[in-house]
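Count the sequence shown with numbering that gives the first Met the number 0 and you get residues 0 to 380, in order. Note that CB positions come from ideal geometry on N, CA and C, so glycine has one too. Note that the structure is a prediction, hence the values are computed from the model and not measured.
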Amino acid sequence: MPQLDTGNLIGYTAGEEPDDQLSYPDTQRLLASGQGVRRTAIFGINSAITPERADMAPLLANGGATTSDFFAMFEVPFRYGNPWHADDDARKTDVMVLSRATSEKLFGDVDPVGRELKMGDASYRVVGVLEHWKPLPRYYRIINGNGGAFDGSDDFFIPFSTAVRHEKRNSGNNNCSGDGPKPGYAGWIASDCTWIQFWFEGASAGDQTVIKAWLDNYAAEQHRLGWLTRPVNTRLRSTMQWLEHLEVVGRDSRIQAWLAFGFLLVCLVNTVGLLLAKFSARAGEVGVRRALGATRSEIFHQYLIEASVVGLVGAVLGLALSFAGLWLISKQSGAMAVVARMDWTMLLATVLLSLLASLIAGFLPTWRACQVRPALQLKSQ
């Protein structure tokens, strides 16, 4: 994710963070740069889609204008059809890819590839329908006017060049410096207003260094040409660095995670103490069993099984509390409802962690119980 400092010198502070989005002129030059394996740009669109059926009302939809590389770059799965081709980007063809939910609303559970939909004054040919695809967070377009990082989804995609030909305005952030753009759509896209998100795909992690060097050279050249008025100040972040930069997972969430691990540690210490007291109180029983021929291995296995049962009971109680807590969190907002859920991976991890923690906590008490000497224990009784 590249960033360029397109602001003017008024209020300039050296080294400050550049804008998170790019202007249209910079986007066009980066798309033509040949850097990386793939390049794509995307901005949001809100528009009404008129279905073929006359008895259906227009559907107000949120979508994205992007390039054909977008679908391969983010490994977007298709149910019907395919993405449009690079030639469609070049010819600014009126084509569209629908989400599965939008396709089923407009056409039902059938293959709509080749059919027409009207959006604005133009008719778009459907070339593909996505399978269920909703990455969390929505990292490919976090800056948007449609639900943020965790809520909302894109109902359709059209070519970036086609959207510009039809003078589509973006539905997300638009940041302009100085006196702003000249009047009209042409003035807007020719200005330094930033409203487009851009992605490079590299063949390996080492490509990030190569692309960053190219980006610095590009910024220096544009500074010499007068397009960028500020000194060279660029960023090139990986996906994880981008998420951290935008604080998709807030500091409060990280603190809560550490508090949860701290609470787990306290619970482990308490469990060790309780099991130690429980098993120590049964020293007489162990002595009698050892005197009757039970081996240390048998005692060890028995007590570990008892510790595992304690962990299993704790897992069941913990899951019940977790479901209750997630239900309460999900009621706070729509975004919370999306992420505050229990999947199978988390459920299995909870059970396994509880069993592992109980075994670790029960190891010391079990080992102490196995050290009981039958003769001394029987004599003391």
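Two segments are said to touch when three or more pairs of C-beta atoms, one from each, lie closer than 8 Å; by this definition the stretch 219–226 does not touch the stretch 41–55. Per DSSP, phenylalanine 199 is one residue of the beta strand (DSSP E) stretching across 193–200. Taking the CA atoms as reference points, cysteine 266 sits about 12 Å from isoleucine 359.
Taking 4 residues as the shortest admissible run, the stretch 285–358 contains the following complete alpha helix (DSSP H) segments, listed from N- to C-terminal end: 295–329, 333–338. The beta-bridge partner set that DSSP reports for isoleucine 44 consists of Gly62. About 5 Å separates the beta carbon of threonine 193 from that of aspartate 18, a gap short enough to meet the 8 Å contact definition. Of the candidates Tyr302, Phe197, Gly310, the residue whose Cα lies closest to the Cα of glutamine 2 is Phe197. For a cut-off of 8 Å, the C-beta gap from threonine 101 to aspartate 154 is around 4 Å, short enough to register as a contact. If you compare the alpha carbons of Thr238, Gln255, Ser307 with that of methionine 0, the shortest gap goes to Thr238. Taking serine 353 as the centre and dropping the five residues before and after it, the same chain places the C-beta of Gly310, Leu311, Gly313, Ala314, Gly317 closer than 8 Å to its C-beta, in chain order. Inclusion of serine 46 and methionine 95 in the CB contact set at 7 Å is not warranted, their separation being larger than that value. Where threonine 238 is concerned, there is no enclosing beta strand (DSSP E), although the alpha helix (DSSP H) around it starts and stops at 238–244.
Tyrosine 23 and arginine 78 have their C-alpha atoms spaced approximately 32 Å apart. Of all C-beta pairs linking the stretch 83–92 to the stretch 157–171, three or more are shorter than 8 Å, placing the two stretches in contact. Around the beta carbon of valine 268, fewer than 16 other beta carbons sit within 10 angstroms, so the residue counts as exposed.
With 16 or more other Cβ atoms inside 10 Å of its own Cβ, aspartate 68 counts as buried.
With fewer than 16 other beta carbons inside 10 angstroms of its own, proline 57 counts as exposed.
Between glutamine 34 and tryptophan 213, the CB-CB gap stays under 7 Å. The continuous beta strand (DSSP E) containing lysine 117 extends over residues 115–118.
Inter-residue distance for leucine 227 and glutamate 74 is about 34 Å (C-alpha atoms, whole angstroms). In the three-state DSSP reduction, glycine 127 falls in the strand class (E or B).
A distance below 7 Å separates the beta carbons of proline 136 and phenylalanine 149. In chain order, Gly186, Trp187, Ser190, Cys192 place their CB closer than 6 Å to the CB of proline 180, counting only its own chain and leaving out the 5 sequence neighbours on each side. Taking 7 Å as the cut-off, the Cβ atoms of alanine 202 and valine 350 do not count as close.
Rounded to the nearest angstrom, the gap between the Cα atoms of leucine 29 and isoleucine 195 is 12 Å. Judged by DSSP secondary structure, threonine 233 falls within the beta strand (DSSP E) whose first and last residues are 233–235.
Approximately 16 Å separates the beta-carbon atoms of serine 329 and alanine 319; this is outside 8 Å, ruling out the contact. When rounded, the separation of the alpha-carbon atoms in alanine 259 and glycine 183 is 54 Å. A residue is called buried when at least 16 other Cβ atoms come within 10 angstroms of its Cβ; proline 76 does not meet this threshold and is exposed. Here threonine 65 is not near isoleucine 44, since their CB atoms are 7 Å or more apart.
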